[in-house]
Each structure stands twice: as C-alpha cells, then as structure tokens.
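Heads up: the structure comes next, in structure tokens.
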Amino acid sequence: MLYITGFTVYSESNSTNPEESCPMSLRIPRIPGIDFAAVGKQLGYLEIEHSDNENDAAVIPSPIAVLSGGDGPTVLLIAGTHGDEYEGQILLQELIRTLNPDEVTGRLIILPALNIPAVREGRRVSSVDRVNLNRALPGRADGGPALQIASIVAQELIPMADFVMDIHSGGIASEYVPSAFVYQGPTPELWAAKVAAVAAFNAPYSVVVKPMLKAGSISGAADRAGVPMISTELGGRGTVSLPILARARKGLRSLLGHWGVLKDAGLSGIGEPIQWVELTAQSAVHSTMAGILEPVVGLGQKVAAGELVARVHSVEELERPPKDFFSPMDGVVAIIRHPALVNIGTTVVNIAVDHGTSYAKGNHEPS
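Take the sequence shown: its letters are residues 1427 to 1793, numbered as in the numbering used here.
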C-alpha cells in the first residue's frame, strides 16, 4: 500500500520489481479514511490536533470531500479560509452534494470549511488561536490549529493539484466588487493560465495585485509550487448576496470545465466583459480619526484623484466637524468598509487602478 507524508511517498510492499510495487492507494496520515488514488466519492475530515483548558488532547475535524472519475487533472477547491465568508462555503457544499464522480474527469479535492474553528464562530479568525490562516502558510505540522491546517494545504494538498481555487468574500468587515482575485506572475506561463481562468470564471471584475503580495497566503503558496490559482472576493458584509451567488455558481462550473475536470459543464462562460482593476500600495484610504464612518461613494464607482470618498463623524465631540477623506488617485472604488465604527488607522475605502477590459489581452507584463 502507498502512503504520502509531506513530500515522501513509499510503498509497504517489499518487492523490488517496479511493476509489482505500483501504487494502489495514496493516503495522508492527517486525513484518515481518504484514499486519494481511489475512484468515486469519499467524505472525511482533516484531523487537527488541539489541546486547551477543556481538552488535554482533542481533534478538530475539518471536512474534506474527494471526487474522482479516473485519469485527468486534480483541482483543489477551498472555502472557509476565513470563517465569516459564506458564498464559497455554500458553493462547495452544493458541489459535494450534487456532483457525481462519473461527471468528473480527474479528481476534485474540496475543502468547504477549511478553518473550521473560525467557521463555527463566524469570524475571520478563530478565538482558538487568533491566527489568520491566509497568512500562515507554509504552516507547521506541530503548531496550533491554523498552522496545522496551513501545513496540510501547503505541503500535502497543493503539490497534488494541477489547479487551485480559494473562494473568498469580504467578510463582516468589508464589501468588495464581485471579482476574481489574482496575484501577478510569477512567470509568464502561470500568468497566462491565471488570465485564462479569470476569463472562464467570468466575474464582473478581476482584482489583480503585485506578485507574492502576501507570502503566507494560499495564493503565495500556489505560486511557489508553480500551480495556477485564482481566488475570489464575492461581495461581503458577513451575509450572502443572491445575485453574486448565482453568478459565481455558473462561473465555478465554467471554470471547472475550462480546467478539464468537469465533463459536459454545459457553460462556456457568461461572456460579459471583465473589468480589470489593480490594488496598489496607494489604494487604501485610512481614517485618521475615531468615529462613525459615512461612505459617500459606492462600490464600482469611478472617482478622480482628490475626490471626496468618505467622512468620519466624532461620537463624543458634538461640535467637532466631520473629517473628510479623499481619493489618492483616479480609479474605481473596489472595497468599502462595512461596520460604521472606525478607529485611527482603519481602512475605510480602497481605490483601484482602472485597467478597463484590455488588461487580459496579453499587453500587460506582470510587474
């Protein structure tokens, strides 16, 4: 029998004949009950070890599904990296329930609630360890829950994959234009694969950021492994948008068809032009005053440099006038903070550079 631990694969057979030692199964110790080489549908859990005041030795189960129809590409689908982002969790739960293995060419590895402690609490990070999972890769096998999950994803699952998608929304704290989200580069080949995936998913917007923006992110880990990956930002506000969910549902099936893992996807993309916008180091508008946020622009609105985008009102100082905040550049309103109470340093609005629909036509070289 074949086992996998990190990057080490070995067979328990003592035969020296390669034909007699051919792999019959593929297992990861921290994902018991799942044979990654088997055809069919398997449901199980990542076993995340945890010890605290209530449990001297406990296991936190993070759900996983593997659907395989035989030979073909492997696609890793993730949601629930942050616990307060719900569209992706719904989409992947639906996919697990409704998709049959005979509809799959290759293998789907689906993690619908990756950071299960945060998902249970409906928070970006969990109170168990307060670690942002999307900044924790490559993780540590002997670390806390988020670091263990990060280790499994970075060291065991991403290397098995030909393509990766991590589905995010804005969460409780913010709302994004509904978008695909990609890191530039890091090679021309990976960039071309990302652009093609963005086109297949066909969200209204595609947000692009500089290469390796956050080295500890899942996107960064995929780039280091040389695996094409896209993420998303599907609205936010800690709720579910029905129009965005419906659009993403169609886009996901189109993307899986594009990646060659879903037979007869039945969709060739929605075909509407994609607005490409870029977040830069100058995009964020930070409050310099504590108080109540009043956004004065809307998501997707085009603004000019110096244009008023938000104001903050004092809570206690009744005679103090509100503080105005202005756009640092010409661009598009890509992100707006959702909770009204802000502190000094809170990001209230993000303005993205507007690249129109021409960014994906091959004229742009990743910076």
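By construction, the Cβ of each residue, glycine as well, lies at the ideal position given by its N, Cα and C atoms.
Quick caveat, the model's predicted, so the values are computed rather than measured.
For E1529, there is no enclosing alpha helix (DSSP H), as DSSP marks it with neither H nor E. Nearest neighbour of D1478 by Cα position, chosen from R1453, D1555 and P1487, turns out to be D1555.
Judged by DSSP secondary structure, H1764 falls outside any beta strand (DSSP E); it is assigned neither H nor E.
Here N1776 carries a strand assignment [DSSP, helix/strand/coil]. For E1659, the uninterrupted beta strand (DSSP E) segment begins and ends at M1655 to E1659. For the pair E1659 and E1601, the Cα-to-Cα distance works out to about 8 Å. Taking all protein chains in view, the Cβ of E1745 is surrounded by fewer than 16 other Cβ atoms within 10 Å, so the residue is classified as exposed.
Shown here, Y1512 sits in coil according to DSSP, grouped into three states, outside any helix or strand. Of the residues assessed, Q1610 falls on the buried side of the cut-off, its CB having 16 or more other CB atoms within 10 angstroms. Burial check for P1489: the Cβ neighbour count within 10 Å reaches 16 or more, so the residue is buried. DSSP, reduced to helix, strand and coil, places I1454 outside both helices and strands of the structure shown, so it counts as coil. In the three-state DSSP reduction, P1614 falls in the helix class (H, G or I). The straight-line gap separating the alpha-carbon atoms of K1749 and G1717 is approximately 9 Å. In this structure, the beta-carbon distance from V1501 to V1735 does not fall below 8 Å. Here the alpha carbon of R1549 sits roughly 16 Å from the alpha carbon of I1593. Runs of beta strand (DSSP E) with 3 or more residues, each lying fully within the region 1545 to 1617, are found at 1589 to 1593, 1600 to 1602 and 1605 to 1609, listed in chain order. Taking C-beta atoms as the reference points, G1662 and H1764 count as a pair closer than 8 Å.
Around G1724, the same chain offers V1759 as residues with beta carbons nearer than 7 Å, after the five sequence neighbours per side are excluded.
Less than 8 Å divides the Cβ of S1595 from the Cβ of G1514.
If you look at D1750, you'll find it in the beta strand (DSSP E) that goes K1749 to F1752. Bridge pairing for A1710: N1776 [DSSP]. Taking C-beta separations shorter than 8 Å and ignoring five residues to either side along the sequence, the partners of G1646 in its chain run L1563, Y1609, M1638, L1639 and K1640, following chain order.
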